[in-house]
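Asks:
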Amino acid sequence: MSEGSRFVDWESERVASYFGVDPDMGLDEAETRKRREKVGPNQLAEGQKVSPVVMLINQFKDFMVLVLLAATLVSGLLGEYTDAVAIIAIVVLNAILGFVQEFRAEKSLSALKKLSAPTARVKRNGRWMRIPASDLVPGDIISLESGDRIPADVRLIHAENLYIEESALTGESVPVNKTDARLPQGDVPLGDRKNMAYLGTMAVRGTGIGVVVHTGMETEMGRIAHLIQSTETMQTPLQRRLEQLGKILIVVALALTAVVVLTGIIHGHEAYKMFLAGVSLAVAAIPEGLPAIVTIALALGVQRMIKRQAIVRKLPSVETLGCASVICSDKTGTLTQNKMTVTHIWTDGRQVQVSGSGYEPAGEFTIQGQKVKPASNPALKRLLEVAVLCNNAELLREGEKGKLLRRKQEKWRVDGDPTEGALLVVGAKGEVTQERLSGDWKRVKEYPFDSERKMMSVLVENRKGERMVFSKGAPDVLLNKCTHILNNGRKTPLTDALRSQVTETNEQLASMALRNLAFAYREWKGAEPQRESAAERELVFVGLAGMIDPPREEVKDAIRTCRRAGIRTVMITGDHQITAVAIAQQLGILTDRGLTVTGSELGRMGDQEFQKKVNDIHVYARVSPEHKLKIVKALQKEGHVVAMTGDGVNDAPAIKASDIGIAMGITGTDVSKEASSLVLADDNFATIVAAIEEGRSIYDNIRKFISYLLASNVGEILVMFMAMLAGLPLPLVPIQILWVNLVTDGLPAMALGVDPAEEDTMDRQPRNSRESIFARGVGWKILTRGLMIGACTLGAFWMVYNEAPDDLVRAQSVAFATLVMAQLIYVFDCRSSQSIFHRSPLSNKPLVLAVLSSVMLLFGVMYYPPLQPVFHTVSLGFREWALVIVGSALPTIAAGLLDTLRPVRRLAGSRG
Ligand code: ATP
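In terms of my numbering, the sequence shown opens at residue 26 and continues consecutively.
(1) Considering only the alpha carbon of each residue, which of D165, V79, E460 lies closest to E54?
(2) Under 8 angstroms: does the beta carbon of T444 sit that close to some heavy atom of the ligand ATP?
(3) Pick from V674, I861, G446: whose alpha carbon is nearest that of L409?
(4) According to DSSP, simplified to helix, strand and coil, what is P894?
(5) Can the beta-carbon of G231 be found less than 9 angstroms from the beta-carbon of P48?
(6) Please indicate yes or no: does the CB of N150 lie closer than 8 angstroms to some heavy atom of the ligand ATP?
(7) May I have the straight-line CA-CA distance separating R835 from Y826, to the nearest angstrom?
(8) In chain order, what residues of the same chain have a beta carbon less than 6 angstroms from the beta carbon of G123, not counting five sequence neighbours either side?
(9) Exposed or buried, what is N505 when buried is set at 16 or more other beta-carbons lying within 10 Å of its beta-carbon?
(10) Quick check on the DSSP output: the alpha helix (DSSP H) that includes W805 runs from which residue to which?
(11) Expressed to the nearest angstrom, what Euclidean distance is found between the alpha-carbon atoms of R432 and T692?
(12) Pick helix, strand or coil for C587, following the three-state DSSP scheme.
(13) Suppose contacts are defined by Cβ-Cβ distances below 9 angstroms. Is T670 in contact with I680 by that definition?
(14) Checking 9 angstroms against the spacing of the C-beta atoms, do S476 and G720 come in under that value?
(15) Would DSSP call M572 helix, strand or coil?
(16) Under the DSSP definition of a beta bridge, which residues are partnered with C507?
(17) Less than 9 angstroms between the C-beta atoms of V644 and V606, yes or no?
(18) Give the secondary structure of V595 by DSSP, where H, G and I count as helix, E and B as strand, and everything else as coil.
(19) Looking only at DSSP bridge pairs, what is W35 linked to?
(20) Taking C-alpha atoms, which residue in R248, V873, F822 lies nearest to R850?
(21) Strictly by DSSP, which residues pair up with W437?
(22) Which two residues bound the contiguous alpha helix (DSSP H) that contains G664?
(23) Near A570, which residues of its chain fall below 6 angstroms by C-beta distance, leaving aside the five closest residues on each side in sequence?
(24) So, for L660: in the same chain, excluding its five sequence neighbours on each side, which residues have a beta-carbon less than 7 angstroms away from its beta-carbon?
(25) Give the straight-line distance between the Cα atoms of T258 and V343, rounded to the nearest whole angstrom.
(26) Following the continuous beta strand (DSSP E) through F44, name the residue where it begins and the one where it ends.
(27) Is T366 near the ligand ATP, going by C-beta to nearest heavy atom under 8 angstroms?
(28) Specify, as a first and last residue, the run of the beta strand (DSSP E) that Y188 falls within.
(29) What do you get for K662, buried or exposed, if any count of 16 or more other CB atoms within 10 angstroms of its CB means buried?
(30) Consult DSSP for V162 and reduce its assignment to one of helix, strand or coil.
(31) Report the rounded CA-to-CA distance for I685 versus Q264, giving the unit in angstroms.
(32) Let me know if R39 comes out buried or exposed under the rule of 16 or more other beta-carbons within 10 Å of its beta-carbon.
(33) Locate the alpha helix (DSSP H) running through A302, then write down its first and last residues.
(34) Would you give the residue range spanned by the alpha helix (DSSP H) that D475 belongs to?
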């Protein structure tokens, strides 16, 4: 029998005792520590990682570096030792810089992966707690619920309507209905082990409890881990496009270099010198640092996003974020605070006000100003009983769970769904608590909440063996399942008049922006029904509870920002239409022209009609997750780039189909998180807007250093090309070209990658996703600045050379200094899509530091005597420096003037 199927034909008690655990208590900390030491952490071994040494060696494998090394060899053989040594030094420096860039990029990427580490709910020392899944050990008792990724291999000891999707393991995409019973036969294939749940599979329905039997590499997933370890390369479309561009640039640079070399030789230059110049030029002209800098810009941008609570799961979405034109957001918890308080109850035909706020169970019940006690009001008492028993949350007082408490100022907190927490609080206000009721009632079966059904029920039994079904859910849904109502404390038939009284009250409460739940019960005789539809019928309606869920403070501003940025906000909620509209109006989502549509209206609408209206619908109410997919598709058909939030299992398809799938970090299920490309650590809508702003700024920064690097390279090639055409001597010697390349490709470009966002980042329309990287002035900038840098460097060279043709080294020194300085001035021009004067140069400190150190290095190679022969430089005088300064400032200033003749189109996108 295979090790994996060992426990399937054991009784669950035997499994527990085999692992030395009491399922009611779980393991204790000392025992878990011992076991962890023995079996190690619950992790799959990581795939092969590139070691730093290999990464460093890889730098020398680059084609261009090999060409350079060959050139060094040639120089060495020809006896040009200074050249050879200097080139080697530069190659090594270049490799170190490349290594640093790549290492940093790699480190930031692996830090990102750690952030999405899974957790597990485990029973330790008799208490449920949430721990990192890697801390699980065999024998741990864990709970599973719909939406969870299974954190280890477990033998189920309790399963309630539990369905697990095991396609990651078996390839079977239909979820398997799990059981806690022992199977008659032990040796069955993986797909038939119905009382086991395996690491990496997903619970899509129901709940369960299990004993961990295997962890880490011992799990079924661990056995096939080598199959799935091919770590996904996270390349963005832009990175791919840049890779292609890089290939084109290599060909162009090589062709131009060949032309320069040939022209030089035809004009009588020494073949060896031209060969060396050609090789250096080719190396300089190819922007080999580009991919690494793009990765760094993306990775550092992603880290800035993390600081703002947005966790990127898929790198390509960083780019897409900048194109987002519609955000579809859930209401509860994302636009609102998810801090529910029941303020109104309606039962027995009367409205009851509830005082108190937050989770503190202190408050009173009043009817028209008169205090009432639930103990003396049977309908109110029954309502609270249903609310507290048909409930999976826990109300905890501060200190009970020690370390887990985050908000010190709050005395009470809720573990579980905030809606259910609010019900426990209102129960406690009326002295109806889980502790008190647990003496009378025992839960026999649960029919879990799901957002499709919009309700939840439990079957409970009292000491006398009498059974009851307690249900709660969306009032309009629950009312349809009721045939009776509690009236004057007695069960009476639900007449049409009573039905419309309930509906009216519900609408009246909803128009006060309250989120309403209804409660019902029935007596139950006989065995428990397996299907919820059997239990949830012929119910007795008890009443309604309305809870406030205040909008988040910062969301109003975020929605205003979106409007300025050309991004539309759409609310999609499972809540009642009237509640949804009230909140949407408070937040400014619903304007006069905006439409509101309910799920059932959407269901009735034809596809064409919906398509016509989709641009005007601002609020979708009482929708099911399946509607979300329809909404995403219709918006995409209109050319929108759609960001869609979700938290439940059923939201996953819509999250996947959207351009930017967003999951909730706090309330979201593992399934929704895995489908998403962005996770909100604080579940907050405003975080989406912050992420979009970062996304736009990251893309802007990539454009900035592309315009910097490419214009610099164009300048370098042009100086040499024009000099050869004009029959002049080489204006730059190879070592100088390599130096320029090292100094400009390196630090300043990296500093541009972390440039702070421009103030108007969120005043622009979203970028069109098909836009070229050279659009909106970047191509123009590269051409004009590149041309001018080349021309001015050559001009400076020519003036000095013309005066003293014998002192070629002086003219070359001037050309060298002009080229470097021109690029270091131009780098500030790249920071703004407007003129160089638009932004203070001091607002990017790393850039100022990078430029200052480049200038210092330039002075070093020009004035430090031992370096002068290596770099073919001489100390320059005042007049020559004046020439250098004018020659290097001119490209940026003159091209800036040229821009005024051709106003750079700043607003992008056809959506305007
Ligand atoms: P949003 O979609 O904006 O998050 P929502 O939380 O109201 O809004 P769902 O969670 O799908 O959306 O809930 C839909 C409806 O189901 C709610 O309006 C409420 O009436 C009902 N409901 C919510 N939570 C529960 C629960 N735990 N038990 C029973 N019914 C619930």
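Cβ coordinates follow ideal geometry from the N, Cα and C atoms, glycine included. Just so we're clear, the structure is a prediction, and the values are computed from it rather than from any experiment.
Replies: In this structure, then:
(1) D165
(2) yes
(3) G446
(4) In the structure shown, P894 adopts helical secondary structure according to DSSP, grouped into three states.
(5) no
(6) Distances between the C-beta of N150 and the heavy atoms of the ligand ATP are all 8 angstroms or more.
(7) 8 angstroms
(8) Q84
(9) exposed
(10) 803-828
(11) Per-residue confidence for R432 stands at a pLDDT of 47, beneath the threshold of 50, marking its modelled position as unreliable; no derived number is given.
(12) helix
(13) Taking 9 angstroms as the Cβ cut-off, T670 and I680 qualify as a contacting pair.
(14) no
(15) strand
(16) L564
(17) yes
(18) If DSSP states are grouped into helix, strand and coil, V595 belongs with the strands.
(19) Answer by DSSP bridge pairing: none, since W35 is not bridged.
(20) The amino acid at residue 850 is misidentified as Arg; the sequence shows Ile. Looking at the Cα atoms, V873 is the closest of the given residues.
(21) Residue pairing by DSSP puts W437 in a beta bridge opposite R422.
(22) Run containing G664: none; DSSP gives neither H nor E here.
(23) V367, I370, L542
(24) V351, V639, V667
(25) In this prediction, T258 scores a pLDDT of 45, lower than 50, which makes its location untrustworthy; the coordinate-derived value is nonetheless stated afterwards. Separation of T258 and V343 (C-alpha to C-alpha, rounded to the nearest whole angstrom) is 15 angstroms.
(26) Counting along the chain, F44 falls outside any beta strand (DSSP E), and DSSP gives it neither H nor E.
(27) no
(28) 178-190
(29) Around the C-beta of K662, fewer than 16 other C-beta atoms lie within 10 Å, and the residue is accordingly described as exposed.
(30) coil
(31) 18 angstroms
(32) exposed
(33) Segment 296-310, the alpha helix (DSSP H) holding A302.
(34) Run containing D475: none in the alpha helix (DSSP H); it sits in the beta strand (DSSP E), 466-475.
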